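Student: By the count of full-length UniProt numbering, the sequence shown reaches residue 159 at its end, each step adding exactly one.
Backbone N, C-alpha and C define an ideal beta-carbon position, used for all residues, glycine too.
Owing to the predicted nature of the structure, the values given are computational and were not obtained by experimental measurement.
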Amino acid sequence: FEQTYIMIKPDGVQRNLVGAIIARFEQRGFKLVALKMVHATPEHLEKHYEDLKGKPFFPGLIKYMASGPVVAMVWEGLDAVKTGRSMLGATNPLASAPGTIRGDYALAVGRNIAHGSDSVESAKKEIAHWFPEGIVQYRSLLEDVIFELRRTVLRG
Ligand code: GTP
Ligand code: MG
Numbered sequence: 004f005e006q007t008y009i010m011i012k013p014d015g016v017q018r019n020l021v022g023a024i025i026a027r028f029e030q031r032g033f034k035l036v037a038l039k040m041v042h043a044t045p046e047h048l049e050k051h052y053e054d055l056k057g058k059p060f061f062p063g064l065i066k067y068m069a070s071g072p073v074v075a076m077v078w079e080g081l082d083a084v085k086t087g088r089s090m091l092g093a094t095n096p097l098a099s100a101p102g103t104i105r106g107d108y109a110l111a112v113g114r115n116i117a118h119g120s121d122s123v124e125s126a127k128k129e130i131a132h133w134f135p136e137g138i139v140q141y142r143s144l145l146e147d148v149i150f151e152l153r154r155t156v157l158r159g
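1) Using beta-carbon positions only, say whether Pro-13 and Gly-57 come within less than 8 angstroms of one another.
2) Consult DSSP for Gln-6 and reduce its assignment to one of helix, strand or coil.
3) Which residues end up in the neighbourhood of the ligand MG when you take C-beta atoms closer than 7 angstroms to any of its heavy atoms?
4) Taking the alpha-carbon positions, what's the Pro-62 to Gly-119 distance?
5) What did DSSP end up calling Arg-142 once you bin it into helix, strand or coil?
6) Could you round the C-beta distance between Phe-150 and Trp-78 to whole angstroms and report it? I think they count as a contact, below 8 angstroms.
7) From Ala-93 to Phe-60, what does the alpha carbon distance come to, in whole angstroms?
8) Whose CA, out of Tyr-108, Ala-100 and Glu-49, lies closest to the CA of Ile-11?
9) Quick one: is the Cβ of Phe-60 within less than 7 angstroms of any heavy atom of the ligand GTP?
10) If distances are taken between C-alpha atoms only, which option among Phe-4, Leu-97, Ala-111 and Met-68 comes closest to Gly-32?
11) Between which two residues does the beta strand (DSSP E) holding Gly-71 run?
12) Between Ala-100 and Gly-106, what straight-line distance do the alpha-carbon atoms span, to the nearest angstrom?
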């Protein structure tokens, strides 16, 4: 299955939204395969957001992201990258639909609560960048129920 890198930003941590955000991914059916809290250095964050270097908001973005700890996670499941992005909602909370993480919890683009990989390729890069030690592998007992892997018999 596909994996995506999801990160609760410092404002999400400060606002005690860690549990609520994790619950959304668990309830959707994704499997948690990596999780840690880190206070990242500006250098580490500049590498994470290297595609945005040169944007006028870049220095402010790095300052914001380095202002406190983040929660770094890898979630796995069918179409994890695209579905993760749709669960986050649009970058600018002005455009994020209610029901999405940003649409429910955020008001400002520069304080938008959480990050999600924008492609399978960036997910691979980001997972390696945040979890150089590697991530775990285990079988979820729910897979037979959530996905159409094989015929599942639910009655006795
Ligand atoms: P991430 O999941 O954090 O990568 O957001 P995104 O993929 O939806 O947007 P993008 O990668 O283009 O921008 C990364 C982050 O930079 C955004 O989530 C915002 O926090 C911030 N950002 C983007 N555009 C603006 C902007 O116009 N102003 C400010 N202040 N911040 C911005
Ligand atoms: Mg992005």
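Tutor: Answer, in terms of the structure:
1) no
2) strand
3) His-118 and Asp-121
4) 20 angstroms
5) coil
6) Phe-150 to Trp-78, Cβ: 15 angstroms. No contact.
7) 17 angstroms
8) Tyr-108
9) yes
10) Phe-4
11) Premise fails: Gly-71 is in no beta strand (DSSP E) and is neither H nor E.
12) 5 angstroms
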